[in-house]
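Residue 42 in the working numbering sits at position 39 of the sequence shown, and the numbers go up by one each step.
The beta-carbon is built from N, C-alpha and C at its ideal position, and this holds for glycine as well.
Each remark here refers to the structure printed beneath this line.
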Amino acid sequence: FYINSPGGAVDDTLALYDTMRFMSSPVSTYCLGRAYSGAALLLTAGAKGRRFMLPHAKVMIHQPYGGIGGQAEDIKIQAEQIIKAKAELIRIIAKHTGQAEENVRRDSERDKYFSAEEAVRYGLADEVLTEPPKEAKGVLPGVR
(Lines of atoms letter the chains of each structure in order from A and count residues from 1; the text may use other names and numbers.)
(Lines give C-alpha, C1' and ligand atoms only; values in the text may rest on other atoms or scores of the structure.)
Protein backbone atom coordinates (compact mmCIF):
# COMPACT_ATOMS: atom_id res chain seq x y z
CA PHE A 1 0.00 0.00 0.00
CA TYR A 2 1.94 3.05 -1.26
CA ILE A 3 1.01 6.33 0.41
CA ASN A 4 1.68 9.88 -0.76
CA SER A 5 -1.43 11.72 0.35
CA PRO A 6 -2.65 14.89 2.05
CA GLY A 7 -5.44 12.83 3.64
CA GLY A 8 -9.14 13.04 3.02
CA ALA A 9 -12.59 12.51 4.45
CA VAL A 10 -12.88 10.58 7.72
CA ASP A 11 -15.47 8.16 6.30
CA ASP A 12 -13.21 7.33 3.34
CA THR A 13 -10.23 6.83 5.65
CA LEU A 14 -12.19 4.46 7.88
CA ALA A 15 -13.50 2.53 4.85
CA LEU A 16 -9.90 1.90 3.72
CA TYR A 17 -8.87 1.07 7.30
CA ASP A 18 -11.67 -1.51 7.59
CA THR A 19 -10.66 -3.01 4.25
CA MET A 20 -7.05 -3.34 5.42
CA ARG A 21 -8.22 -5.12 8.59
CA PHE A 22 -10.28 -7.64 6.58
CA MET A 23 -7.50 -8.62 4.17
CA SER A 24 -6.25 -12.14 4.76
CA SER A 25 -2.60 -11.31 4.05
CA PRO A 26 -0.50 -8.79 5.99
CA VAL A 27 -0.63 -5.28 4.52
CA SER A 28 2.70 -3.51 4.04
CA THR A 29 2.55 0.29 4.00
CA TYR A 30 5.10 2.61 2.40
CA CYS A 31 5.14 6.36 2.91
CA LEU A 32 6.59 8.11 -0.13
CA GLY A 33 6.51 11.87 0.33
CA ARG A 34 3.76 12.45 2.86
CA ALA A 35 1.09 10.72 4.91
CA TYR A 36 -1.00 13.53 6.35
CA SER A 37 -4.24 13.34 8.31
CA GLY A 38 -6.19 10.18 7.42
CA ALA A 39 -3.24 8.89 5.39
CA ALA A 40 -1.20 8.83 8.63
CA LEU A 41 -3.78 6.49 10.14
CA LEU A 42 -3.52 4.21 7.10
CA LEU A 43 0.28 4.17 7.30
CA THR A 44 0.26 3.13 10.93
CA ALA A 45 -2.47 0.53 10.34
CA GLY A 46 -0.11 -1.58 8.24
CA ALA A 47 1.15 -4.87 9.63
CA LYS A 48 3.68 -4.45 12.45
CA GLY A 49 7.19 -4.68 11.05
CA ARG A 50 5.92 -3.80 7.56
CA ARG A 51 5.31 -0.05 7.89
CA PHE A 52 8.04 1.75 5.96
CA MET A 53 9.02 5.34 5.19
CA LEU A 54 11.45 6.81 2.72
CA PRO A 55 14.07 9.12 4.29
CA HIS A 56 12.47 12.46 3.39
CA ALA A 57 8.86 11.42 3.87
CA LYS A 58 6.74 13.18 6.49
CA VAL A 59 3.71 12.32 8.57
CA MET A 60 1.17 14.73 10.05
CA ILE A 61 -1.61 14.01 12.51
CA HIS A 62 -4.37 16.37 13.60
CA GLN A 63 -7.97 16.37 14.71
CA PRO A 64 -10.63 16.07 12.00
CA TYR A 65 -11.74 19.17 10.15
CA GLY A 66 -15.34 20.01 9.53
CA GLY A 67 -17.36 22.70 7.86
CA ILE A 68 -20.91 22.91 9.08
CA GLY A 69 -23.84 25.04 8.01
CA GLY A 70 -27.57 24.89 8.31
CA GLN A 71 -30.12 24.95 11.07
CA ALA A 72 -29.04 24.91 14.71
CA GLU A 73 -30.09 21.28 15.30
CA ASP A 74 -28.31 20.14 12.13
CA ILE A 75 -25.15 21.88 13.29
CA LYS A 76 -25.44 20.18 16.68
CA ILE A 77 -25.82 16.76 15.03
CA GLN A 78 -22.78 17.33 12.79
CA ALA A 79 -20.71 18.57 15.75
CA GLU A 80 -21.57 15.42 17.71
CA GLN A 81 -20.52 13.28 14.75
CA ILE A 82 -17.15 14.98 14.32
CA ILE A 83 -16.46 14.64 18.07
CA LYS A 84 -17.24 10.89 17.82
CA ALA A 85 -14.98 10.61 14.77
CA LYS A 86 -12.16 12.37 16.62
CA ALA A 87 -12.40 9.88 19.50
CA GLU A 88 -12.37 6.92 17.10
CA LEU A 89 -9.36 8.21 15.14
CA ILE A 90 -7.45 8.77 18.40
CA ARG A 91 -8.31 5.24 19.56
CA ILE A 92 -7.11 3.67 16.30
CA ILE A 93 -3.85 5.63 16.15
CA ALA A 94 -3.13 4.83 19.82
CA LYS A 95 -3.80 1.13 19.19
CA HIS A 96 -1.36 0.92 16.27
CA THR A 97 1.39 3.17 17.66
CA GLY A 98 1.40 1.96 21.26
CA GLN A 99 0.96 5.56 22.41
CA ALA A 100 -1.50 6.36 25.19
CA GLU A 101 -4.76 7.83 23.89
CA GLU A 102 -4.09 10.98 25.92
CA ASN A 103 -0.74 11.45 24.12
CA VAL A 104 -2.39 11.09 20.72
CA ARG A 105 -5.22 13.43 21.77
CA ARG A 106 -2.73 16.08 22.90
CA ASP A 107 -0.46 15.67 19.88
CA SER A 108 -3.33 15.90 17.42
CA GLU A 109 -4.97 19.03 18.83
CA ARG A 110 -3.10 21.00 16.15
CA ASP A 111 -1.14 19.86 13.10
CA LYS A 112 1.82 17.80 14.35
CA TYR A 113 4.48 16.92 11.81
CA PHE A 114 6.95 14.05 12.07
CA SER A 115 10.09 13.40 10.05
CA ALA A 116 10.58 9.78 9.02
CA GLU A 117 12.80 9.09 12.04
CA GLU A 118 10.38 10.86 14.40
CA ALA A 119 7.49 8.83 12.98
CA VAL A 120 9.35 5.61 13.75
CA ARG A 121 10.08 6.75 17.32
CA TYR A 122 6.40 7.64 17.81
CA GLY A 123 5.29 4.25 16.48
CA LEU A 124 3.61 5.48 13.29
CA ALA A 125 6.05 3.44 11.19
CA ASP A 126 8.61 0.69 11.80
CA GLU A 127 11.56 1.52 9.59
CA VAL A 128 13.09 4.23 7.44
CA LEU A 129 14.38 2.74 4.21
CA THR A 130 17.76 4.27 3.47
CA GLU A 131 18.83 2.25 0.45
CA PRO A 132 17.21 -0.12 -2.02
CA PRO A 133 17.57 -3.84 -1.34
CA LYS A 134 20.61 -5.42 -2.93
CA GLU A 135 18.84 -8.67 -3.79
CA ALA A 136 16.03 -7.17 -5.86
CA LYS A 137 16.73 -3.85 -7.54
CA GLY A 138 13.59 -1.83 -8.18
CA VAL A 139 11.53 -3.66 -5.55
CA LEU A 140 10.93 -2.22 -2.09
CA PRO A 141 11.81 -4.55 0.80
CA GLY A 142 9.07 -6.12 2.82
CA VAL A 143 7.00 -7.07 -0.23
CA ARG A 144 6.51 -10.79 -0.08
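Roughly how many angstroms lie between the CA atoms of residue i and residue j, to the nearest whole one?
i             : j               : result
lysine 79     : aspartate 110   : 26 Å
aspartate 77  : alanine 97      : 30 Å
isoleucine 93 : proline 135     : 33 Å
glutamine 66  : aspartate 114   : 8 Å
tyrosine 125  : arginine 108    : 14 Å
leucine 19    : phenylalanine 4 : 11 Å
lysine 89     : glycine 72      : 19 Å
isoleucine 85 : glycine 69      : 7 Å
serine 118    : glycine 101     : 18 Å
glutamine 81  : alanine 38      : 26 Å
glutamate 112 : valine 123      : 20 Å
alanine 75    : glycine 36      : 41 Å
isoleucine 6  : aspartate 15    : 15 Å
lysine 87     : isoleucine 95   : 13 Å
Could you spell out the range, first to last residue, of the beta strand (DSSP E) harbouring residue i?
i             : result
methionine 63 : 61-64
serine 151    : The shown model of the chain, from 4 to 147, leaves out residue 151, and the question about it has no answer.
CB residue i to CB residue j, shorter than 9 Å?
i                : j            : result
alanine 60       : cysteine 34  : yes
glycine 49       : serine 8     : no
phenylalanine 55 : serine 31    : yes
leucine 57       : leucine 132  : yes
threonine 22     : histidine 99 : no
aspartate 129    : arginine 24  : no
leucine 17       : glutamate 91 : yes
Tell me the residue span of the alpha helix (DSSP H) that contains residue i.
i                 : result
phenylalanine 117 : Run containing phenylalanine 117: none in the alpha helix (DSSP H); it sits in the beta strand (DSSP E), 115-118.
aspartate 14      : 13-25
valine 107        : 104-110
Who are the Cβ neighbours of residue i in its own chain at under 7 Å, not counting the five residues just before and after it?
i          : result
alanine 43 : Val62, Met63, Ile64 and Leu127
Less than 9 Å between CB atoms is the rule here; does residue i satisfy it with respect to chain C?
i           : result
tyrosine 20 : In the structure shown, chain C does not exist; there is a single protein chain.
Which same chain residues end up closer than 8 Å to residue i when comparing Cβ atoms and leaving out the 5 residues on each side of it in sequence?
i            : result
tyrosine 116 : Lys61, Val62 and Met63
Inside the stretch 37-98 only - alpha helix (DSSP H) runs reaching at least 4 residues: Along the stretch 37-98, the alpha helix (DSSP H) occurs as fully enclosed runs of 4 or more residues at 41-47, listed in sequence order.
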